[in-house]
Amino acid sequence: MKTSNYLIGFVALTSLTLVGCSDNDFLGTDNGQEVAKQGNGEITFVAGNAKTTRAGEFVGATAAEKLGGMFVVEGTKGTEQTNSPSTDVVFDNYLVGYDYNSAGTTETNTNNWEYVGKQTGITGRMTPATWSALHGAGTAQAQTVKYWDYSTAQYDFIAWSTGLREAVTDAAVEGSKVKVTRINTGSTLASNGFQLTALSAEDLLQCYYTDINTVLKANYGAPVTLTFRNMAAKARIALYETVPGYSIKDVKFYTSDANPTAPTDLGSGTTTAATLFTMGSDVLPQSGEVTVFYPHIGTEHRTAPQTTDYNKASVTVGEVTGGATSTTKGFGTLTAQYGEEEAHEAAGNIYLGRSLPNATYAGSSADNFYTAVIPNSTGKALTLRVDYTLVSTDGSKEEIKVYGAKAVVPATYTAWQPNYAYTYVFKISDNSNGWTSTLSGDPKGLFPITFDAVVTNFIDANADQATITTVATPSITTYQQGHDPKAQDEYSKAQKAGVDQTNVKDLYVQVMNNNGTPALVTDLGATNSLLFAVNTTGTPISEATVMDALQNRTNSYGDASPAGRNGITLTTNGNIDNTVTKIVNGVDDNEITGLTSGSVAKIDIDQLEAGIYAYVYATKEPTSDTKIYNVVADATATSTPTLFYEVKLDGTETPLTSGTAAANKVYFVKNVDANKDFVSYTFKQTKVGEDVTGLVEATIDPATKATGHHTTSADNYYFYFDVYNQNNGAYAVKVIKVVN
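Yeah, the sequence shown ends on 745 if you go by this note's numbering, and it's all consecutive.
Pasting the structure below:
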C-alpha cells in the first residue's frame, strides 16, 4: 500500500498532523498478470511484472535500476513447519543479477534476471570475496540451475538488495558501502533473519528487503515475483499561514533552542534551510543497523487473527556503535509553489501558502520534497523554531518581524519506520507565540490593533482605554490516518485508509508543552481537553478569535458553551475521548501503543457534522470571572438602550482619596476648569485591585439594564455600558475543519 505520514503542526505558530503508507518511490507488488510457465521447470525470478500495478510502483528495468541490478535470495522447499516456513535450502543466499535484453538467453533467465554462475559477483555491487564470506563451510560454493520439485508442497523465498551501494561483510563498514549478513533459515527467521548496516540515510535509502513469498505447487513454473521495500524512511516539512491581512515571507529556521533564552537573544543563529532539532540529551542517529525478521511465520500464524501479518517482515533499527549522531535534521530551503497569492506580494520573495492544500514545502520538487532519514523505533520530540516577516496585504508595504515562534512534534509521531514517508505540516496562525520585538519585557504574541469610537457629551479626547489579552500556546498535534493535505483542507469524515477500508479513521490529538524542555502533556481530561463546534455572527474564525471567545465571554466561565464578546459561540461537543491509551490506525494500520491515559485524545470524526471545530486545551482552567465594562456611544444606546447598563452622575460626586478598583464599579476622571468648576466626566478603564485614588466611583447594577435613552439637557450625566466576563483561564487552541 502507499505509505505517507502527515502530521499537522500548529506553530501559533500553532502545531502539527500525521498519516502512514509506502513511499511513491519504493517498489510495489505483483499485479497478478499471467506469466507463462516454463516448460523445463527451471526456477526463474522477476522483480515485478511488465507494468506497474499502482501509482509509484516500479517493475522491469526501472525496478532493476532501483535495486542496482542485483539482489540476494534465500529459497527453501518442503513442508511448512509450526514456527517456520519450509527448511530444505535450495537457494543459499544466491546473488541474482540483471542483464538488459538477456531474457531467454539461458534456461534460468526469462525476465533479464540471472543467478547461474553469479558467485563471481557483480562489478560495483558485490565482489567474489564478499560472496565467499557469505558462504562458509557447509554452504553453497557455486550457483547452479535449480528446478521445481513437484514432490514438495511449497517453496519460500526471501531477498535483500543494497541497490547502488556495494555489499560488503567487513567489520568496519565504509561510507557508500553497506555491511550485510547472510539470510538465516528455519525458526531463526522469527528473531534474526538478516542484517544490513549503513553509515548514512542516503546509503540506507539504497537498501531493500522483502516479505516471505510462499509459492504453492499450483504456481510452480511461473517466475518467482519478489516485492521489495525500502529500508530507509523519508520525511518532509511544509508550512502555511492563516494570519488575516498579512502574507508571510523570509522564514528563518533555528538549529537549537539553547541560545534564544530571552527576546534579546532572538534572531541570531538562524538558517534559511528548513530544520527540525532535538532538545535535551536527545539525538538523531545518522547511521543504522537494520535487522529484518519474520515474527509471524509457520502454520500457527497462518490463520486469523494473525493472517494480516503472516510471512510479513518486521524491522528494527539500532544505532551503529560509535556511529555519528546529530541534534538537527535539515530538509532544504522553502520552495515557492503555492497558488493562493495575496494582493501586493512583491516579486522575488517566497511567501507561505495560505491553506493546507497549498502549503509551502522545503526541499526539491524532484524528490517530492522528501529527505532520507535513518529510521528509529523510539521517536524523538522534534522542535521547529522560526523567525518570519509579516507583510501587510493592503498595499502599504508595512512589515512586522516575528522572532522565535515555536512548535514541538511529539515523539509519538517521529518513530520513523523503514519504507514509510512522513510529512510534517506547520500552521502559523494569528495566535503566534513569537515576539515582535527583541527588547526584554515586551510581550510575546501578535496583538491586533483595535479601535472603539465612543461619542457622548462627556467623553473627551484624553480617555485612556486598554485591552488586555492573555496568549498561551503549547503545540497541538492532530493526526488522522490517510490524511492528505494536498487533497483536502483539514480532515475528512469519509477518510478510509490502509488495509482496513471499512471504518472511518478517527482524529487524534496530542499536546506538547514547549516552554523550556518540551514535554508531552499527560493530563488531558474532561475539563481541560475539549472539543467545540464553532459558530459566528460574522467574526472571522481563527485560533486568536476562538481564544478571545474563551477568555472574554458574555456568559460565565462556568457555562459549558462559551459565548464570546466577539460574536463567536462555542458549543460543547462530546465526541472526544481523553482516556484512550493507543492510536488505533497508526502507520499501515498498526496500532501506536505505549501511550498513557491523558496523553492523547480521540475525536470520533464520523459523529461530527461537516463544519468548523476548535480543539481546546486549558493550560490553566478558569476559576473566576472579572467583569469588564466598556462605555458605548449614544448612537448605539439610542437604537437598543435595554441592551446596556447605565450610570447617572450629576456633577456633585467627590473623587476618592484612596482605594482600589472593585467589581461592579466603574470609575471616571472628573474634569474641571481653571476655576475648578465641574466641566465633564471621562470614563477610565480600570482593573480590579488597581489604585483608583483621585477618581470618581459609580456602581453598575448587574441585574438592571437601561430603561430608555436620555436626550434632554437634564439627562446629560448618563453613561451607557456593555459588559463581558474576562476569566483567568489560559488556553491552547487549534481550529479544525471537518469535511464530508
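For each residue, glycine too, the CB sits at the ideal point set by N, CA and C.
7 Å CB neighbourhood of residue i in its chain, flanking five on each side removed
i	result
P545	P249
N583	L529, G530, A531, S534, G603 and A606
T190	E79, T81, T92 and V94
Y152	G46, E47 and I48
S566	T574, L575, T576 and T577
G656	F683 and Y722
A667	V693
Beta carbon of residue i nearer than 8 Å to that of residue j
i	j	result
Y618	I481	no
E179	R359	no
V322	L201	no
I2	Y429	Residue 2 is absent from the structure shown; the chain starts at 6 and stops at 745.
T703	K675	Sequence inspection shows Ala at residue 703; the Thr mentioned does not correspond to that position. Cβ atoms of A703 and K675: not closer than 8 Å.
T282	T332	Looking at the sequence provided, one finds Phe at residue 282 rather than Thr. Closer than 8 Å, so yes.
K71	G168	yes
I573	T624	no
T215	A318	yes
P423	M236	yes
A195	I302	yes
P362	K491	yes
Y672	K689	yes
D161	P90	yes
Y725	V637	yes
A549	S370	no
G83	T157	yes
L613	V514	no
Rounded straight-line distance, which links the Cα of residue j to that of residue i
i	j	result
D727	V551	20 Å
P133	L204	23 Å
A499	T230	34 Å
A735	K402	34 Å
T394	K257	9 Å
T398	T340	21 Å
G591	Q486	6 Å
S181	R170	6 Å
E119	T522	55 Å
R558	K632	10 Å
T691	N635	10 Å
D97	S166	15 Å
A206	V539	44 Å
N518	I217	43 Å
E324	N316	26 Å
W440	Y259	14 Å
A263	A412	15 Å
G543	N571	9 Å
G400	S252	11 Å
T67	T113	21 Å
T586	L600	5 Å
E346	V77	51 Å
S107	N745	52 Å
F50	E85	22 Å
D489	K432	15 Å
Neighbourhood of residue i by C-beta, 6 Å cutoff - its chain only, sequence neighbours within 5 removed
i	result
F463	Reliability of the predicted coordinates at F463 is poor, the pLDDT of 32 falling under 50, and no value is obtained from them.
T419	G384, K385 and L387
L221	Q159
Q470	Here Q470 scores only 20 on pLDDT, less than 50, and its place in the model should not be relied on; the value that follows carries that caveat. Closer than 6 Å at the Cβ level, and outside the excluded window around Q470, lie Q690.
P646	A711, G713 and H714
8 Å contact criterion, which residue i and residue j should meet: CB distance rounded
i	j	result
T483	K739	7 Å
N732	D630	5 Å
Y103	N117	6 Å
L536	I608	6 Å
L244	A364	6 Å
T665	V697	6 Å
I379	G274	Contact doesn't hold; Cβ gap of about 25 Å is too wide.
T174	T135	6 Å
T376	K239	7 Å
T479	A737	Reading off the sequence, residue 479 comes out as Pro, not Thr. Confirmed, about 5 Å.
A278	T338	6 Å
S437	V407	6 Å
T326	P290	With a Cβ gap of about 11 Å, T326 and P290 do not count as contacting.
Y213	F199	Rounded, the Cβ-Cβ distance is 12 Å, inconsistent with contact.
D562	P627	First, the amino acid is wrong: residue 562 is Tyr here, not Asp. With 8 Å as the limit, Y562 and P627 qualify as a contact, their Cβ atoms being about 4 Å apart.
Three or more beta-carbon pairs under 8 Å between the stretch 217 to 230 and the stretch 345 to 357, yes or no? Taking a cut-off of 8 Å for Cβ pairs, the stretch 217 to 230 and the stretch 345 to 357 do not touch, as fewer than three such pairs fall below it.
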